[in-house]
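Per numbering that gives the first Met the number 0, residue 0 is the first one in the sequence shown, and the count goes up by one each step. Idealized CB from N, CA, C, for every residue including glycine. For clarity, every value in this text was computed on a predicted model and none was experimentally measured.
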Amino acid sequence: MHAVQDALEYLGGLESFVQPGQRVLLKTNLLTKRPPEDAVTTHPAVVTAVVHEVLRVGGKPIIYDSPGGPFTKAALESIYEVCGLAQVARETGAELNWNTAEVTVSAPEEARVRNFILSQAVSSADVIINLPKLKSHGLTRYTGAVKNLFGCIPGLHKAQYHLQLPALDRFADFLLDLALTVKPALTIMDAVVGMEGEGPSAGTPRTLGYLLASPSVFALDVAAVTMIGLKADEVPTTHLAKKRGLMTHSADKIVVGANLRKAIVSDFEVPPPGGTSFRLLGYRLPPKLLKLAGGLLGARPVFDAEQCRRCGICVRSCPAKAITLAGKSPTVNLKKCIRCFCCQELCPVQSVTIYRPWLSRWLLRP
């Protein structure tokens with residue numbers, strides 16, 4: 000894929016980021032066990048091109064992600080195979096990560112949390128290259144560079160963090176702190192075929208035709224949301240990154256081979272924010288009223304009984320233990336539900352949709 004070479008040349012070559020002998024962790028998006036054509040995961044062609052560049056400069060590429068659910072060798076083996084990355088490893092000699100150990104890592108001073116539980120594979124890498132997929136997202140509207148790093152947290156710890164941070168603005172701040180802690184040297188985003196609509200797994204593939212690359216995860220996300228017709232203030236992570244002064248690179252210089260304004264897709268379908276705390280009346284609601292508003296206005300998962308296979312993945316992946324499987328399809332206890340929408344993300348047959356009351360859609364409209 001010449002586009003990867005062009006992007007790296009634009010940034011001074013991979014030699015600017017990787018030295019001979021270094022272990023280079025390629026943080027892909029392997030959200031769930033889906034084939035490349037579904038546009039849920041980072042495409043194998045992009046990963047292959049990056050692997051070849053890492054090998055060219057003498058680095059040792061390691062393909063990595065910790066998808067939703069248990070972080071086990073059996074789960075990884077299946078996902079690597081279906082997502083096409085096992086084949087990438089066989090053809091290129093790249094290493095697939097099988098290390099499921101975890102470590103506690105201190106966050107930098109500028110972060111607002113003290114530490115994170117990370118995969119040992121992440122903390123032991125010499126260089127991290129972030130390889131996200133551009134997609135819409137039911138909770139955060141958009142998922143890209145910063146959100147992809149959530150997979151540096153192993154297995155079910157992700158569910159625990161969701162449970163601890165049910166408010167969308169707090170979760171977005173947490174993701175920014177995680178990005179500051181992981182510190183990827185480079186991000187190359189697969190926006191060749193993205194996903195719109197009910198992303199990050201139940202949406203529709205959308206051809207965009209771009210790769211985005213930057214040393215800054217924050218600036219790259221601003222460029223990406225601009226490209227799909229959003230303003231930075233309409234996405235929690237980019238809104239708060241700007242507010243916290245984390246932009247160190249110009250978004251206008253991110254898209255390689257095209258002017259950012261010419262790359263904008265005005266009709267890209269993106270859902271409204273999934274959490275009522277974000278932008279609702281300009282953050283002015285008192286906590287008690289915000290909780291009440293969440294009950295009246297909050298989005299909620301809806302299960303399709305005919306589509307559902309009763310596999311139980313949604314039950315096992317729910318951080319709040321709000322889902323039960325007793326009848327023909329799962330039911331959700333809305334008093335317990337924290338609106339993280341992990342059930343939608345991880346459903347293998349797209350039987351979960353997100354319902355948003357009309358008043359919520361009106362209040363939270365762009």
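Go to residue i, then tell me how far its alpha helix (DSSP H) extends in each direction, as first and last residue.
i	result
Val-224	216-226
Glu-52	43-55
Glu-344	341-345
Ile-263	Unbroken run through Ile-263: none, as it is neither H nor E.
Going by the beta-carbon positions, is the gap between residue i and residue j smaller than 8 Å?
i	j	result
Arg-22	Ala-124	yes
Met-188	Pro-204	no
Lys-26	Leu-148	yes
His-161	Pro-318	yes
Val-351	Cys-342	yes
Leu-30	Pro-153	no
Leu-175	Arg-243	yes
Gly-208	Glu-268	no
Ile-61	Leu-24	yes
Ser-213	Gly-150	no
Pro-183	Asn-129	yes
Val-348	Arg-315	no
Met-0	Val-56	no
Val-192	Ala-38	yes
Leu-185	Phe-16	yes
Asn-98	Ala-74	no
Ile-127	Val-181	yes
Measure the alpha-carbon distance for residue i versus residue j and round it to whole angstroms.
i	j	result
Cys-346	Ser-265	29 Å
Glu-14	Val-49	13 Å
Ser-215	Leu-84	25 Å
Gly-143	Glu-76	24 Å
Leu-279	Ala-298	Here Leu-279 scores only 42 on pLDDT, less than 50, and its place in the model should not be relied on; the value that follows carries that caveat. Going by the C-alpha atoms only, they are around 13 Å apart.
Tyr-63	Gln-306	31 Å
Ser-276	Ala-166	Residue placement at Ser-276 is flagged as unreliable, the pLDDT there being 46, under the threshold of 50; the coordinate-derived value follows with that caveat. So the alpha carbons of these two residues sit roughly 6 Å apart.
Arg-169	Ala-100	27 Å
Tyr-282	Val-234	Its pLDDT being 44, under 50, Tyr-282 is placed unreliably by the model, and nothing is read from it.
Leu-210	His-136	19 Å
Leu-177	Val-102	14 Å
Thr-86	Glu-80	The amino acid at residue 86 is misidentified as Thr; the sequence shows Gln. Distance between the alpha carbons of Gln-86 and Glu-80: 7 Å.
Val-53	Glu-344	31 Å
Pro-356	Gly-92	50 Å
Lys-72	Ala-304	32 Å
Thr-323	Ala-231	37 Å
Lys-6	Gly-12	The displayed chain sequence assigns Ala, not Lys, to residue 6. About 8 Å.
Ile-337	Ala-171	15 Å
Lys-241	Pro-35	33 Å
Ala-2	Gln-18	22 Å
Glu-8	Phe-217	21 Å
Glu-94	Thr-47	12 Å
If distances are taken between C-alpha atoms only, which option among the options comes closest to residue i?
i	options	result
Val-221	Leu-239, Gly-208, Leu-207 and Thr-206	Leu-239
Tyr-141	Leu-7, Val-314, Leu-333 and Thr-237	Thr-237
Gln-159	Val-224, Leu-210, Ile-353 and Gly-68	Gly-68
Pro-300	Ile-62, Val-331 and Ala-178	Val-331
Lys-327	Cys-310, Arg-315, Ala-178 and Cys-341	Cys-310
Thr-41	Pro-19, Leu-133, Gln-163 and Gly-57	Leu-133
Pro-270	Ala-178, Ala-325, Gly-228 and Val-17	Gly-228
Lys-157	Val-126, Ser-118 and Gln-4	Ser-118
Asn-96	Arg-111, Val-145 and Lys-59	Lys-59
Glu-109	Glu-8, Cys-313, Thr-206 and Leu-245	Leu-245
Gly-202	Ile-353, Gln-4, Gly-20 and Asn-28	Ile-353
Leu-219	Thr-206, Glu-94 and Lys-146	Lys-146
Locate the beta strand (DSSP E) running through residue i, then write down its first and last residues.
i	result
Ala-212	203-213
Ala-190	185-195
Leu-117	114-118
Arg-315	Note, Arg-315: premise wrong, no beta strand (DSSP E); alpha helix (DSSP H) at 312-316.
Pro-199	No beta strand (DSSP E) holds Pro-199; DSSP gives it neither H nor E.
Pro-300	299-302
Lys-241	Per DSSP, Lys-241 belongs to no beta strand (DSSP E); it is in the alpha helix (DSSP H), 235-242.
Ile-62	59-63
Ile-353	351-354
Checklist entry - What are the uninterrupted segments assigned as alpha helix (DSSP H) that are 4 or more residues long and contained completely in the region 67-104, given in chain order? => result Here the runs fully enclosed are 72-81 and 84-91.
Item to check | Any beta strand (DSSP E) of 3 or more consecutive residues that is wholly inside the region 0-50 | outcome: The beta strand (DSSP E) runs lying completely inside the region 0-50 and spanning 3 residues or more are 22-27, given in chain order.
Item to check | Those runs of the alpha helix (DSSP H) which lie wholly inside the region 130-183 and span at least 4 residues | outcome: The region 130-183 contains these whole alpha helix (DSSP H) runs: 144-147, 156-163 and 167-181.
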